[in-house]
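Protein chains in written order, with the numbering used here: chain A, 1287 to 1549; chain B, 9 to 276. All C-beta atoms, glycine included, are put in the ideal place defined by N, C-alpha and C.
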């Protein structure tokens, strides 16, 4: 059991306010539950504060840092802020990201760039800034949250899928570069995760309804969308000593959903 | 953290008498499971089972040749007789020992494929039948190898069998998803077992220039592979199925670095 505990580790969770599917919030709460002290990062102070209160209410330790991680200067300050608040950064969880939909031929250059910025560039900025800190301490764990879209492609979200594929590949490159500094870089790629009842930013009402129907459909749990906790547990695994000799890898968490890509 | 525990689960680990299988068995016991170890050599199994009992868990040693269907059935039946159910099957038994394609006879090929691939088929399906009957799901974990992914010019049959195991994992995962049975695969890179260490096959933790090799540039210890197997057997991996987890650091990079540094005259 102890191999998966994160006692007194300091973990940054970007997108931890959980305004989308709630994966970030679930990661923050679960990683705190595993014993880590959490720095929750996001743009919306209210959402961050709610997660911090929730963690403290369960006896955990957390702080909120407001930052837009698509801005390298803010990322730099975010890492410094986290190190100041808790003394170090042991774990970085790059969860920030969002999907938007559109036929490829209709994606505007602005939308394309915005998706690459939010889903890929932010990940690189955070990894690099955290690694500069981790290299000085010769150790750390980085967990990127990509998407199965980055492996299988996505019919109406090519910009999102391309960015997530890049995150998976970035994970490999960084793992090679930083192995010598004892920094593990791994990736969790969620498949479909159940949507909450409330509207999800960036998701049309139609898409939301479609996903709600899917998750309440017939089938065994492995044939239905996952839960945010499923993603959070995989993140804990890669943040823990249980994955000390894994680096550059991507674990896809999607039940048997992958099968549709082969059959 | 209870999601990562295996409290009172009943697990079978084939090849559990030594090396990676022994480490998996003990890690499962540590996480709260009761473990049935199966392999050909009773003495080794008895030692591991004894050590698991000393940890406060129950254990059973069942001498098994995993290439023989009746013996695999016996392994599962003995487990049911003793514990009444089966939650986790780890098809770990396997081995190399292939003489190379130019010298090998079909019988040599068959023997290696049998030990590494037939065995997984037999164990996985025997376990799944019980799990489907029980009706509350289960976990099946196949131990493959990076040999099943990489180029292996001297391990053709072993590599082919281990590659087959990776694909078998996906087919079975799809077959058993409706029964809430997760089927996953772990592919360890070079893993220094006690046997390898005794024979001097463990690469030094110090470089020739006196500096320490960073931990991520060393090969696996069996416990690293066991950690991945605990995760996959636990509720924490409830939504993971048909997947491959490669357990290796960057040892292959360190080795090639050493070659490059040697060539560049940097190592004396």
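Between the CA atoms of residue j and residue i - distance to the nearest angstrom
i                      : j                      : result
residue 1383 (chain A) : residue 87 (chain B)   : 47 Å
residue 89 (chain B)   : residue 96 (chain B)   : 16 Å
residue 1381 (chain A) : residue 1432 (chain A) : 8 Å
residue 149 (chain B)  : residue 237 (chain B)  : 7 Å
residue 1452 (chain A) : residue 1412 (chain A) : 15 Å
residue 83 (chain B)   : residue 1397 (chain A) : 58 Å
residue 126 (chain B)  : residue 1477 (chain A) : 31 Å
residue 1519 (chain A) : residue 1293 (chain A) : 15 Å
residue 246 (chain B)  : residue 190 (chain B)  : 7 Å
residue 1360 (chain A) : residue 255 (chain B)  : 35 Å
residue 201 (chain B)  : residue 27 (chain B)   : 5 Å
residue 118 (chain B)  : residue 167 (chain B)  : 13 Å
residue 1362 (chain A) : residue 1543 (chain A) : 38 Å
residue 1323 (chain A) : residue 1391 (chain A) : 44 Å
residue 1290 (chain A) : residue 1393 (chain A) : 42 Å
residue 112 (chain B)  : residue 78 (chain B)   : 28 Å
residue 107 (chain B)  : residue 1501 (chain A) : 52 Å
residue 1446 (chain A) : residue 232 (chain B)  : 34 Å
residue 1379 (chain A) : residue 1530 (chain A) : 16 Å
residue 1321 (chain A) : residue 1346 (chain A) : 7 Å
residue 1418 (chain A) : residue 1464 (chain A) : 10 Å
residue 1299 (chain A) : residue 1439 (chain A) : 26 Å
residue 85 (chain B)   : residue 1430 (chain A) : 43 Å
Contact under 8 Å by Cβ, residue i with residue j
i                      : j                      : result
residue 98 (chain B)   : residue 22 (chain B)   : yes
residue 31 (chain B)   : residue 244 (chain B)  : no
residue 1404 (chain A) : residue 1356 (chain A) : yes
residue 1497 (chain A) : residue 1481 (chain A) : yes
residue 37 (chain B)   : residue 50 (chain B)   : no
residue 1466 (chain A) : residue 1317 (chain A) : no
residue 1427 (chain A) : residue 1351 (chain A) : no
residue 153 (chain B)  : residue 196 (chain B)  : yes
residue 101 (chain B)  : residue 136 (chain B)  : no
residue 60 (chain B)   : residue 43 (chain B)   : yes
residue 1303 (chain A) : residue 185 (chain B)  : no
residue 350 (chain B)  : residue 248 (chain B)  : The structure shown has nothing for residue 350 (chain B), since chain B only spans 9 to 276.
residue 1443 (chain A) : residue 1385 (chain A) : yes
residue 94 (chain B)   : residue 20 (chain B)   : yes
residue 1319 (chain A) : residue 1301 (chain A) : no
residue 192 (chain B)  : residue 262 (chain B)  : no
residue 1420 (chain A) : residue 1469 (chain A) : yes
residue 1297 (chain A) : residue 1525 (chain A) : yes
Cβ neighbour criterion (16 or more within 10 Å) applied to residue i
i                      : result
residue 170 (chain B)  : buried
residue 209 (chain B)  : exposed
residue 1511 (chain A) : buried
residue 235 (chain B)  : buried
residue 160 (chain B)  : buried
residue 1331 (chain A) : exposed
residue 1490 (chain A) : exposed
residue 214 (chain B)  : exposed
residue 1535 (chain A) : buried
residue 114 (chain B)  : exposed
residue 1373 (chain A) : exposed
residue 34 (chain B)   : buried
residue 226 (chain B)  : buried
residue 1409 (chain A) : buried
residue 1516 (chain A) : buried
residue 63 (chain B)   : exposed
residue 1533 (chain A) : buried
residue 109 (chain B)  : exposed
residue 1514 (chain A) : buried
residue 1344 (chain A) : exposed
Chain B contacts from the region 1382-1402 of chain A (Cβ-Cβ distance under 8 Å): Taking 8 Å as the Cβ-Cβ cut-off against chain B, none of the residues of the region 1382-1402 of chain A qualify.
What residues in the region 1350-1379 of chain A bring their beta carbon closer than 9 Å to a beta carbon of chain B? Listed in sequence order: no entries.
My parser needs the alpha helix (DSSP H) runs of 4 or more residues fully inside the region 119-178 of chain B; what are they? The qualifying runs are 127-142.
Continuous beta strand (DSSP E) assignments of at least 3 residues falling wholly in the region 1463-1493 of chain A: As far as the region 1463-1493 of chain A is concerned, its whole beta strand (DSSP E) runs of at least 3 residues are 1469-1476.
Uninterrupted alpha helix (DSSP H) stretches inside the region 1296-1346 of chain A (no shorter than 4 residues): Taking only runs of at least 4 residues, the alpha helix (DSSP H) segments lying wholly in the region 1296-1346 of chain A are 1309-1319 and 1331-1343.
Counting only runs that start and end within the region 1340-1395 of chain A, where is the beta strand (DSSP E) found for 3 or more residues in a row? The region 1340-1395 of chain A contains, as complete beta strand (DSSP E) runs of 3+ residues, the segments 1348-1352 and 1377-1380 (chain order).
Using a Cβ-Cβ cut-off of less than 9 Å, give me the residues of the region 1523-1538 of chain A that come near chain B, in sequence order. Of all residues in the region 1523-1538 of chain A, 1523, 1526, 1527, 1528, 1529, 1530, 1531, 1532, 1533, 1534, 1535, 1537 and 1538 have a Cβ within less than 9 Å of some Cβ in chain B.
Check distances from the C-beta atoms of the region 246-257 of chain B to those of chain A and list, in chain order, the residues that come in under 8 Å. Taking 8 Å as the Cβ-Cβ cut-off against chain A, the residues of the region 246-257 of chain B that qualify are 246, 247, 248, 249, 250, 251, 253, 254, 255, 256 and 257.
Could you name each continuous alpha helix (DSSP H) segment of 4 residues or more that falls completely within the region 47-118 of chain B, going from the start of the chain to the end? DSSP runs (the alpha helix (DSSP H)) wholly in the region 47-118 of chain B: 50-62 and 77-91.
Please identify, using Cβ separations under 9 Å, the residues of the region 207-231 of chain B that lie next to chain A, in order along the chain. Correct list: 222, 223, 224, 225, 226, 227, 228, 229 and 231.
Interface positions of the region 144-168 of chain B facing chain A (Cβ-Cβ less than 8 Å), listed along the chain: Within the region 144-168 of chain B, no residue qualifies.
Please go through the region 214-266 of chain B and give each complete alpha helix (DSSP H) segment of 4 or more residues, from N-terminal end onward. Annotation note: the region 214-266 of chain B contains the following uninterrupted alpha helix (DSSP H) runs of length 4 or greater, listed N- to C-terminal: 230-241.
Could you list the residues in the region 177-190 of chain B with a C-beta less than 9 Å from some C-beta on chain A, going in chain order? Of all residues in the region 177-190 of chain B, 178, 181, 182, 184, 185, 186, 187, 188, 189 and 190 have a Cβ within less than 9 Å of some Cβ in chain A.
Interface positions of the region 96-118 of chain B facing chain A (Cβ-Cβ less than 7 Å), listed along the chain: Going along the region 96-118 of chain B in chain order, one finds no residue with a Cβ nearer than 7 Å to chain A.
Short-range partners of chain B found in the region 1494-1513 of chain A, where Cβ spacing is below 8 Å: Cβ contacts with chain B come from 1505, 1506, 1507, 1508, 1509, 1512 and 1513.
Anything in the region 1441-1472 of chain A with a Cβ closer than 9 Å to a Cβ of chain B? List those residues in chain order, please. The region 1441-1472 of chain A vs chain B, Cβ under 9 Å: 1461, 1462, 1464, 1465, 1466, 1467, 1468, 1469 and 1470.
Name, going along the chain, the residues of the region 1300-1328 of chain A whose beta-carbon falls closer than 9 Å to a beta-carbon of chain B. Under the 9 Å Cβ criterion, the region 1300-1328 of chain A contributes 1316, 1319, 1320 and 1321.
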